[in-house]
Amino acid sequence: GCVSFLRSASVRNHGSVGPAVQRESTSSSSQSEINREIKSFAELQNERQEQAERSVLLTCPQKVSEKSLLKYLSKYGDINNYFFYESFDVCAVVEFSQKNSIAMLQDGTVMPAGKHESCIPFKSRVFTLKINNPDDQANTRQSLPCLKQSAISINELVERISAETTLDEQICTLTKTYELTEENVRLRFLVCSLLQDIAIQYFPNCSVKPFGSSVNGFGKLGCDLDMFLDLDGIKEQNSNKTSEPFSVEYHLKRVPSERAATQNVLTLIGECLDRFVPGCVGVQKILNARCPLVRFSHQPSGFQCDLTANNRIAMKSTEMLYLYGSIDVRVRALVFTVRTWARAHGITSSIPGAWITNFSLTMMVIFFLQKRRHAIIPTLDQLKALADAKDKHIIDGNDCTFVRDINKISVSENTETLGQLLQEFFEFYGNFAFQKMSINIRKGKEQTKPEVSPLHIQNPFEQTLNVSKNVNQTQLERFVSLAREGAWILQQEGMTKASVLGYRPWGLAALLLPSTSDTGNKAKKRRRREGASERIKSLLESLKNSKSDGKNDATSE
Ligand code: CTP
Ligand code: MG
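Each position in the sequence shown, counted from 1, maps to that position plus 24 in UniProt numbering.
Right under this line is the structure:
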């Protein structure tokens with residue numbers, strides 16, 4: 025079941041964040057055919073960006089007929105694709121086949137006349153669709169079919185995976201349940217594109233690109249949208265024709281540092297979003313961070329957004345993670361599982377602090393998979409050795425070169441199952457010499473720690489930096505003891521297969537339930553345990569109910 029799910033998932037992901045086609049180690053005759061379909065990260069990004077530029081976002085009335093809505097919009101041109109979702113309002117994302125349809129739609133769009141408040145005139149690709157005649161029965165009877173853009177709760181997930189029969193299936197179901205959907209990815213690119221429309225007014229040829237978990241293949245529904253304002257496109261038009269008698273240069277404002285330049289640009293865009301752009305709320309300019317950013321929430325999409333500029337290394341590490349996730353199907357599945365486990369136990373948190381981050385966890389999974397007796401993925405140095413001249417990439421003196429053509433990477437001989445790998449992951453980190461050693465995915469080998477931070481994970485591209493510098497000893501200890509407990513749970517008899525005896529939570533479900541051996545005082549522990557037994561009780565109840573109903577919701581996807 026698992027392999028076929030992963031294959032079908034890859035087909036569904038065709039052209040989305042995932043690799044277009046999963047690699048298959050067995051078929052040799054069709055290998056070249058498959059290879060042709062695997063798109064590079066850059067190709068996928070460009071395709072998505074272009075698609076987003078032909079798309080609009082509409083808020084719609086609660087009840088309206090899908091057919092008449094589409095009929096009306098198609099008078100502006102052919103529609104390639106569309107979907108509906110619910111945030112504050114019911115919304116539609118509509119992708120036209122031609123860009124000029126948008127200009128035509130804008131020509132036919134009116135500025136609302138405010139009766140009481142004043143409004144700042146602003147034109148964008150976000151519109152409100154109004155019904156002219158609310159009594160029109162044919163038009164207002166139906167509800168639009170909305171697709172969910174958020175993840176189900178951990179309790180619902182536990183319920184769902186309890187219906188599976190093997191640990192491997194549970195892991196696959198978790199991944200399938202939490203990964204970004206085609207539509208969610210479209211929405212993410214559209215929000216970037218809308219922001220680009222604004223930035224472009226000041227900086228023609230700039231672009232706004234998503235990075236981080238929105239595009240690295242490890243994003244969970246509901247994750248933040250990390251964006252990067254790229255001004256390099258402006259410089260690219262340079263042509264040095266020294267054979268000409270003269271050359272002409274632009275006048276540029278001089279600023280003390282590149283950091284100051286980034287801060288200036290972000291200040292401007294942040295002000296703009298705050299003052300003029302409807303739907304961008306809670307704008308915070310966090311300019312003194314190591315990587316300055318503007319944070320806001322984008323209401324029509326429901327995304328929490330982080331906009332950065334001059335952040336090319338993060339873009340490169342996104343591409344690296346994307347590549348690792350595409351090399352072997354087990355990488356993404358294991359990362360999703362470890363991230364979900366970590367979130368369930370408060371190892372990671374949505375609040376910034378001394379916690380381990382998702383990015384650090386991903387690096388730990390990658391390192392672990394490199395360290396298998398038969399490595400499942402190559403080291404970063406091996407990926408660099410496979411690179412050719414076109415792949416060469418140096419950012420501010422940091423060598424960020426690695427192969428980008430996945431077909432040059434040979435398929436691993438390792439045949440371990442996801443269930444085995446999960447168990448081994450817990451054992452590996454339950455016994456890792458964190459005190460002395462640093463995790464290094466470039467070498468695929470632990471190195472002696474260069475400094476005293478409790479957890480040291482070398483930044484793959486800025487090699488003097490520690491990705492997990494923020495993590496304190498307490499948080500590291502929690503991770504280690506929960507990893508040990510995870511290993512212990514999976515070692516118990518019957519823990520990797522559904523129990524014939526009935527309703528006991530097993531496998532991943534057992535791993536995701538609150539831990540009882542957590543550090544903390546006795547009262548706290550007791551409370552936790554009570555919480556756990558409450559959750560187990562309600563889980564058992566719902567399982568019994570769904571069984572006695574003679575159907576099981578969890579399997580009907
Ligand atoms: N990044 C980095 N070095 C860090 C932190 C982050 O290079 N110390 C880059 C990584 O490419 C990361 C991206 O910035 O993927 C975004 O960071 P963040 O939002 O913290 O992580 P995500 O991978 O997006 O995960 P999450 O779903 O938790 O947002
Ligand atoms: Mg992120």
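We put the CB at the ideal spot given by N, CA and C, even for glycine. These numbers come from a predicted model, not from an experiment.
For Arg319, the beta-bridge partners assigned by DSSP are Gln308, Asp330. Here Thr286 carries a helix assignment [DSSP, helix/strand/coil].
Here the distance from the Cβ of Gly236 to the nearest heavy atom of the ligand MG is below 6 Å. Relative to the ligand CTP, Cys247 has its C-beta within less than 6 Å of a heavy atom.
Ala378 and Phe450 do not touch by the CB rule: their CB atoms are close to 22 Å apart, not below 8 Å. Ranked by how close their Cα comes to the Cα of Thr342, the residues Asp423, Gln122, Gly243 have Gly243 in first place. Shown here for Thr133: same chain residues with a beta carbon closer than 7 Å to its own, the five before and five after excluded, namely Phe151 in chain order. Three or more beta-carbon pairs separated by less than 8 Å link the segment 525-539 to the segment 181-196, which places the two stretches in contact. Put simply, the segment 269-288 touches the segment 304-321. At least three CB pairs are less than 8 Å apart.
Note that the segment 468-479 does not touch the segment 344-357; fewer than 3 beta-carbon pairs, one per stretch, sit closer than 8 Å. In the same chain as Leu94, and ignoring 5 residues on each side of it, no C-beta atom comes closer than 6 Å to its own. Under the rule that a run must span 4 or more residues, the alpha helix (DSSP H) segments found entirely inside the segment 462-540 read 497-515, 531-536. Exposure of Gln497 is indicated by the presence of fewer than 16 other C-beta atoms within 10 angstroms of its C-beta. By the neighbour-count criterion, in which a residue is buried when 16 or more other Cβ atoms sit within 10 angstroms of its Cβ, His322 is buried. Distance from Glu470 to Ile481 at the Cβ level is roughly 10 Å; contact not present, criterion being Cβ atoms closer than 8 Å. Taking C-beta atoms as the reference points, Phe270 and Arg72 fail to come closer than 7 Å. If you check the C-beta of Asp429 against the ligand MG, you find no heavy atom less than 6 Å away.
Asn422 and Met251 have their C-alpha atoms some 22 Å from each other. Contact between Val80 and Arg149 holds, since their C-beta atoms are separated by about 5 Å, short of 8 Å. About 7 Å separates the beta carbons of Thr364 and Leu536, which is inside the 8 Å limit, making them a contact pair.
Boundaries of the alpha helix (DSSP H) harbouring Ala368: 353-368, taken from the DSSP string.
Of the residues assessed, Glu517 falls on the exposed side of the cut-off, its CB having fewer than 16 other CB atoms within 10 angstroms. Between the alpha carbons of Phe112 and Cys170 lies a gap of roughly 13 Å. Residue environment: Gly257 is assigned as exposed (fewer than 16 neighbouring CB atoms within 10 Å of its CB, all protein chains considered). When the beta-carbon positions are compared, Arg508 and Gly454 come within less than 7 Å of each other. Closest in C-alpha terms to Ile390, from the list Ile380, Leu404, Thr381, comes Leu404. When DSSP states are grouped into helix, strand and coil, Leu211 belongs to the helix group.
By the criterion of at least three beta-carbon pairs nearer than 8 Å, the segment 353-363 is in contact with the segment 380-394.
In this structure, the beta-carbon distance from Cys216 to Val232 falls below 7 Å. By the beta-carbon neighbour count (other beta carbons within 10 angstroms, threshold 16), Leu446 is buried.
Taking 6 Å as the cut-off, one finds no heavy atom of the ligand MG near enough to the beta carbon of Asp192.
Measuring C-alpha to C-alpha distances from Cys196 to each of Ala366, Leu358, Phe503 identifies Leu358 as the nearest.
It is roughly 32 Å from the alpha-carbon of Leu211 to the alpha-carbon of Asp420. Gln173 counts as buried, since at least 16 other C-beta atoms from the protein chains shown sit within 10 angstroms of its C-beta. At least one heavy atom of the ligand MG falls within 6 Å of the beta-carbon of Asp250. With a threshold of 16 other beta carbon atoms within 10 Å, Tyr100 meets it and is buried.
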